[in-house]
Each structure stands twice: as C-alpha cells, then as structure tokens.
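*Asks:* The following block contains the structure, expressed as structure tokens.
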Amino acid sequence: MNASGLSPEQVKLQARARELAAGPVAKRAAEVDRAEQYPWDNVELLKDARLIGMTIPQQYGGQGKGWLDAVLAIEALSSACAVTGRIAVETNMGAISAVMAYGSEEQKKLAADMVLSGDKPAICITEPEAGSDAGGMTTRADKKGNRYVINGRKHWITGGGVSRLHLIFAKVFDEQGNEEGIGGFLAIRDETKGLKITKREPTMGLRGIPEAVIDFEDMDVPPSSLVIPPRGLKKGFADLMNAYNSQRVGAATVALGIAEGAYQLALDWSEKRQQFGRPINEFQGLQWKLADMSIKLVAAQALVYNAARSGEGGFPDMLLAAQAKVFTSESAIQVVNEALQFFGARGYSRELPLERMARDVRMFTIGGGTAEVLRNVVAGALLKKKLPQTRDGWSKADGG
Ligand SMILES: Cc1cc2nc3c(=O)[nH]c(=O)nc-3n(C[C@H](O)[C@H](O)[C@H](O)COP(=O)(O)OP(=O)(O)OC[C@H]3O[C@@H](n4cnc5c(N)ncnc54)[C@H](O)[C@@H]3O)c2cc1C
C-alpha cells in the first residue's frame, strides 16, 4: 500500500525497512516459526539498520523519531515476519516509551541502554484472574523499610525468558498496608531474585517470541525501581496505560503489515495461476475480493497512520488508537483469510507462508486489549460517561 503525506526521510526509512523485510527477514520467517526460536540474528539486523530504539530521545542514544516513523518500519517488517515486526514494536513502544516518558534519569538511562543493545523489554500487566479487567490485578508490592517486596503471578507476557528488562505492574501498599495505587516496577531478569519464568505458553502463532507465565516470589526491589508518573501513584495506572496506547498502535501495525504481505502474495498469484484457460484474476468473483481486500487495507492504514500522528510530542490518542486497533485487527484477519483462499489447496500447505500468516494475525483482536474491550474504550470516549461494563467507567486503564 502507498500512503501519501510522508516526508522524504520517512520514505527513505520505509525503503530501508522494506529492503530488510524482503531480504534476510523474509528468508528466515518460516524457520523462526518452525523452530519457535527468538530471532536474535534479526535483532542484530534491526540494530544495524537503526530500527531498534529509534523513538528513544537522542540524549539517551536514540534518534528521537516519532510514532509514525516506528509504524513505517513495523509495517514493512511485519509483511515478511510478524515476530520481527513485534520486536520492532516492543523496542520502540510500550514499556520503553512509558519509562522514557515517566522514568527517573537513572531509569531512562538503564532502559535506553538495554533496548539499544538489543533487549526487548517485557511489559507485565495481565494475570490469570485479571485480563481485560487489568485494574483487578492482585500482584502486590509491599513497602518494607527501604524496599518493596513483590508477590504475584503474571501470564501471557511477551518475551518472558528472552527479555531482560521487565516493567511489572503491581498494586502498591505502604508500610501500614494502605493501597496507594498501581505502579510499574523495573526489574532485570537474572539480576533480581524472586523473578521466575515458570512456563512457556504453546501458542497458535507468533511462535518466535515466547509468551510466558512469570511468578514473583518475595521479589525484593529498591524504591528507585518504581516508575512514578508526574500525577503520582493514584493516577499512575492510567498514565502508564496512556503510554500503552503507543503499543496498541504498534500491534495494529503488525496486523496491517501481515495482511499487506498476504494481499501482495494473493495479487501476484492471481496473475500467475491459470484455470479454465485464463489467469484466475479474470474471474469477477476474485476481482471483487481483491477490491475489498485493498479497500480494507487502505482504510486500516489511514487509521493507523492517523493514530500514530496524533501522538507526536506525547502518546497516541486513546480513542484513535482503540479505533485503529479494532478495525485493523479485524480487517487483517479477513484479508489474510481471503488471501489464503486465492491459493486453493496450496494456501493450506505449510510450504507457503499463508497458513503462518493466518495463525499469526489471529492474535491481534486479543492481545493488547481485546476488540470487545476496545469497543468499550471507544464507546466510553464517545459517551463520556461511566460504562457498567468497565471497572472505572471511561478509563485509560481498560484492557491491558
Ligand atoms: C500473544 C499474546 C501476547 C500477549 N502479551 C502480553 C504482554 O506482553 N503483557 C501483558 O500484560 N499481557 C499480554 N497479553 C494478554 C492480553 O493483554 C490479554 O489476553 C487480554 O487483555 C485479554 O485478557 P484475557 O485473555 O484474560 O481475556 P478475558 O478478559 O478473560 O476475556 C474473555 C472474553 O471476554 C470478553 N470481555 C471481557 N470483558 C468484557 C467487557 N467488559 N465487555 C465485553 N467483552 C468483554 C473479552 O473481549 C474476551 O472475548 C498477551 C496476549 C496474547 C494472546
């Protein structure tokens, strides 16, 4: 897809990411999926191409790029390998952007250095009993003298077992046991006693990145590990989740990229494949499918770019990010499914990437806020009133 309104630098960045995607990233995508191995070699490629940590401000070693710049790279990479696209999301958005916005100097330096050297931070919000209702989490951080002691269980944590830096959301209690709000604690795996990767989830798709259960057992951290947004702990969760709007745009972008990749394969195949003595794209039934697929992709891309642009100088707008994620994730599933159909039996074979794309794209109406919960976010923002199906009514904190 081609979008207008890009600067010459953005066009160059996009070309760089597309070249990488079409070359080494595409070549390894099937193997990354089959072996279920985190693609460390692709991390090196992204580092060399300066596509990792590019939203980190220059004073911390990044390039100070905007969300749309990151989106252009993620879109291109995801068309070839969704796992690599997700690595670009999580090294430019989400946990890293929350720390860069709200962290202390020490926290910003630590997070920037780790990401720029290739670490994909893990963001730990979801719990077995608190998914969409993330505010119902039970992981707790108790102040004990000059330490916090954290106990609880998180699951479906992307990168669990490969990520070193973790941003862990927990309810914070003072020494008297009074709840102060939800905060985010930074901890480094293997350097923090009590942070245990307990299980890897056997996932349907996106198999090159582990999804893990993480247990915190009397995990002891200093108060300096707590990321406190300027409005304090009481509003801390809403502010940290505001940063998460960047990751929602990133997740929508991965879905968009996968669907664009699948659409391109279907378009090319429709010219090559002949039945009834002519290319299959001469059948009107398939022409209309191609038309519908392209309309969905152009609309999704416009929503994603618009949401990304809304965040320049801050974070993407909650409403625009939710609208973009709902539409893009649902459209992308439909487009990939149709693209697979173009290949007939071949589409169902593991020798082609369509079945992998169909498994990978299915995630995006679930992770990062389900399509249902994000519709609540959209409705809440439009109606500006407390919705009975949300914990805090119209809240930035819904749908971890
Ligand atoms: C691949 C993958 C990666 C992930 N990575 C991370 C990560 O890195 N960090 C992290 O913290 N979490 C992560 N998650 C977890 C993800 O954010 C949650 O799965 C998601 O928020 C939904 O929670 P749940 O799975 O508990 O579903 P539930 O909340 O149990 O929802 C079940 C169903 O009920 C619906 N539902 C729930 N509440 C409402 C409501 N009020 N109105 C209407 N419908 C509702 C949901 O939409 C869904 O269809 C990941 C998930 C996946 C699949």
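In my numbering, the protein residues as written are 7 to 406. Backbone N, C-alpha and C define an ideal beta-carbon position, used for all residues, glycine too.
#1: Measure the alpha-carbon distance for Ile203 versus Gly166 and round it to whole angstroms.
#2: Quick check on DSSP: helix, strand or coil for Tyr311?
#3: Quick check on DSSP: helix, strand or coil for Gly187?
#4: Between the beta-carbon of Ala257 and the beta-carbon of Gly72, is there less than 8 Å?
#5: Let me know the secondary structure DSSP gives Pro229 once reduced to three states.
#6: Please identify the residue among Gln64, Ala107, Val168 and Gln293 whose C-alpha is closest to the C-alpha of Lys126.
#7: Is any non-hydrogen atom of ligand 1 found closer than 7 Å to the C-beta of Gly283, if you look at the structure I gave you?
#8: Below 8 Å, how does it come out for the region 278-285 and the region 378-387: are there three or more Cβ pairs, yes or no?
#9: In terms of DSSP beta bridges, what is Gly158 paired with?
#10: Within this structure, are the beta carbons of Val105 and Lys114 separated by less than 8 Å?
#11: I'd like to check one pair, Gly214 with Glu42: are the Cβ atoms closer than 8 Å?
#12: Taking contact to mean 3 or more Cβ pairs, one atom from each stretch, closer than 8 Å, check whether the region 149-168 and the region 222-234 are in contact.
#13: Short of 6 Å in beta carbon distance, which residues of its chain neighbour Arg170, apart from the five on each side in sequence? Order them along the chain.
#14: What number of angstroms, rounded off, separates the C-alpha of Glu288 from the C-alpha of Lys295?
#15: Determine the contact status of Met99 and Ala117, defining contact as a CB-CB distance below 8 Å.
#16: Is Ser401 buried or exposed, if buried means 16 or more other CB atoms sit within 10 Å of its CB?
#17: Which of helix, strand or coil does DSSP assign to Ala55?
#18: Where does Pro217 fall in DSSP's three states?
#19: Determine, using beta carbons only, whether Ala35 and Ala79 come nearer to each other than 8 Å.
#20: For Ala345, which option in Met363, Ala328 and Phe333 has the closest C-alpha, if you only look at C-alpha atoms?
#21: Starting from Lys202, follow the beta strand (DSSP E) in both directions and report where the run begins and ends.
#22: Is Cys130 near ligand 1, with its Cβ less than 7 Å from a heavy atom?
#23: Given this structure, state the Cα-to-Cα distance separating Gln307 from Ala261, to the nearest angstrom.
#24: Which stretch, first to last residue, makes up the alpha helix (DSSP H) that contains Ala147?
#25: Pull up the distance between the alpha-carbon of Gly11 and that of Ala21, whole angstroms please.
#26: Kindly examine ligand 1 and report whether one of its heavy atoms sits closer than 7 Å to the Cβ of Val155.
#27: Quick one: give me the first and last residue of the beta strand (DSSP E) that Ala330 is part of.
#28: From the DSSP secondary-structure annotation, give me the bridge partner or partners of Ile174.
#29: For the structure I just gave you, are there three or more beta carbon pairs, one from the region 51-64 and one from the region 234-242, closer than 8 Å?
#30: At a cut-off of 7 Å, would you count Ile286 as near ligand 1, judging by its Cβ distance to the nearest heavy atom?
*Replies:* In brief:
#1: 7 Å
#2: helix
#3: Reduced to three states, the DSSP call for Gly187 is strand.
#4: no
#5: helix
#6: Lys126 has its Cα closest to that of Val168, out of Gln64, Ala107, Val168 and Gln293.
#7: no
#8: No: fewer than three Cβ pairs fall under 8 Å.
#9: Phe222
#10: yes
#11: Yes, the pair counts as a contact, with Cβ atoms nearer than the cut-off.
#12: yes
#13: Asp125, Ile194 and Arg195
#14: The straight-line gap from Cα to Cα measures roughly 12 Å.
#15: no
#16: Residue placement at Ser401 cannot be trusted, given a pLDDT of 48 that sits under 50; the coordinates are not used to answer.
#17: coil
#18: Looking at the sequence itself, residue 217 is Glu, so the reference to Pro does not match. Strand.
#19: No, the Cβ-Cβ distance between Ala35 and Ala79 is not below 8 Å.
#20: Met363
#21: That run of the beta strand (DSSP E) goes Leu201 to Arg206.
#22: yes
#23: 10 Å
#24: Looking at the DSSP string, Ala147 is not in any alpha helix (DSSP H); the run it does join, the beta strand (DSSP E), is Arg146 to Lys150.
#25: Spanning the alpha carbons of Gly11 and Ala21 requires a straight line of approximately 15 Å.
#26: no
#27: Looking at the DSSP string, Ala330 is not in any beta strand (DSSP E); the run it does join, the alpha helix (DSSP H), is Met324 to Phe348.
#28: Cys130 and Phe191
#29: Because the criterion of three Cβ pairs below 8 Å is not met, the region 51-64 and the region 234-242 do not touch.
#30: no
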